[in-house]
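In what follows, a structure is listed as structure tokens, so that the remarks can point back to it.
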Amino acid sequence: MNKIKNLIIILILVISPIKLIGQEDICDCCSYSSLQYQQDYEEIFDPSLIKSNQIKEIIVYTKPKNSSDSKDANKYREIKFKFNINGLVISKTLYNRMGKPHSIYNLKRNQSGKIYQQVFNYIDSLEKKSSSFDPEIIDFKYDSKNRLIKIKKRGSKGQILADNKSIYTILKYDDKDRIISTETYRNYDDKSSVSITTFTFSDNSFSSTYQSNRDGILSLSGEKNYNKNWKETHIKSYNETLKSIAFEKHFEYDTKNRLVKYQSISGQGSGSECPDEGNYIDEYVYKDNGFINNINHTYKQYTCEMTFEYRK
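Numbering (my numbering), first residue to last: 2 to 313.
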């Protein structure tokens, strides 16, 4: 479900490599919410469409849409996705603002198509794994109902660590397969910390509330609204420390239940290293054949356009 995937994005950010370094270009960060910080991609790349059309790769390009230059001026390669025979993403390669290779995520899947391991590597100009850095590995565990129940980061040499020496997240569900709590434990350098978020669902409406505690202290609270398909339509979060709105997120869908608009509104103390400062709108445009055609990322007076090249 969409709400699970958005939550997983947040959890992955906690234990994944940080890439927000030296943001300068107006299109920096424009793909973060829509493409880069995703744990899976079925919502964007329909596996049945990818499989039936025998798509093997998708290249994403970015350019300022309101540029007065020629059509491809300032256009650069941003991400490359590779797919297996079932139309599922098995790797994503990230490129820097010059379109040069930067890093790669390899996604290993089980027989059900679920990701059981993510391996991150920095790469060289030939897209070969860099020998200067060790890979960063995250394992995913599922229960008998194929629900994600644990995310755990391995050691710096790829070794499996004891829980009390690692960073990991536990997810718990109710009898309707809705996440009711996440517990993230961070253990490193003889220090430990725990963040627990609990969710309470309304019996009379498509809504829920949540609270996040960091080491026993309430830090965040909020509410969520959903459509009849249990996809998120609105999230509002409150910073309990600053006693102010942390952020708001709005989602709009078309008649085929595809995401067509996503709006992020950043509140006091949220912080951002991106030019959009956490305040932006992503608009998703689809082709007649169902493939996504482009995503427009708009903030202030700027619009950056991400376009998609499908390769067989």
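All residues carry an ideal CB built from backbone N, CA and C; glycine is no exception. Keep in mind the model is a prediction, meaning the values are calculated, not measured.
Quick one: is residue i buried, meaning 16 or more other Cβ sit within 10 Å of its Cβ, or exposed?
i: G291; result: exposed
i: A247; result: buried
i: M307; result: buried
i: G223; result: buried
i: K232; result: buried
i: V286; result: exposed
i: D41; result: buried
i: K101; result: exposed
i: T304; result: buried
i: L36; result: buried
i: I139; result: buried
i: G23; result: Summary for G23: the model assigns pLDDT 40, below 50, so the residue's position carries little reliability, and this model does not support an answer.
i: I51; result: buried
i: I218; result: exposed
Between the beta-carbon of residue i and the beta-carbon of residue j, is there less than 8 Å?
i: K262; j: E249; result: no
i: S208; j: K192; result: no
i: S213; j: S220; result: yes
i: Y106; j: F141; result: no
i: V61; j: E79; result: yes
i: K115; j: Y143; result: yes
i: S34; j: D216; result: no
i: I168; j: Y186; result: yes
i: Y123; j: M99; result: no
i: K83; j: K57; result: yes
i: Y281; j: Y311; result: no
i: K66; j: N75; result: no
i: S182; j: T198; result: yes
i: K1; j: Q55; result: Outside the shown range of the chain (2 to 313) lies residue 1, about which nothing can therefore be said.
In terms of alpha-carbon separation, which member of the options lies closest to residue i?
i: D204; options: C30, Y143, L127, K177; result: K177
i: K173; options: K154, F200, S167; result: F200
i: D289; options: H235, K257, G88, I138; result: K257
i: S113; options: E128, G88, I124, D125; result: G88
i: Y211; options: R312, G156, Y239, K76; result: Y239
i: I236; options: L50, Q55, N228; result: N228
i: E43; options: N85, T234, T63, K64; result: N85
i: P136; options: V195, D47, P65, G159; result: G159
i: N294; options: L260, N188, K166, E278; result: L260
i: R179; options: F202, Q39, E128; result: F202
i: D255; options: D175, I266, T242, N230; result: N230
i: H251; options: E241, T242, L243, I266; result: I266
i: D190; options: D175, G156, I218, L127; result: G156
i: L95; options: D175, S49, Q39; result: Q39
Mind reading off the beta-carbon distance from residue i to residue j? Whole number of angstroms is fine, and I expect it under 8 Å.
i: Q264; j: S245; result: Actually they do not touch by this definition, with Cβ atoms about 19 Å apart.
i: H103; j: N97; result: 5 Å
i: N188; j: K166; result: 6 Å
Return yes when the C-beta of residue i is under 7 Å from any heavy atom of the ligand MN, and no when it is not.
i: S167; result: Summarising the ligand content, the structure contains no ligands, and the ligand MN is consequently not present.
Within 8 Å, do at least three Cβ pairs link the segment 25-36 to the segment 272-280?
yes
Using 8 Å as the Cβ pair cut-off and three pairs as the minimum, do the segment 126-133 and the segment 147-163 touch?
Flag = no, the segment 126-133 and the segment 147-163 do not touch.
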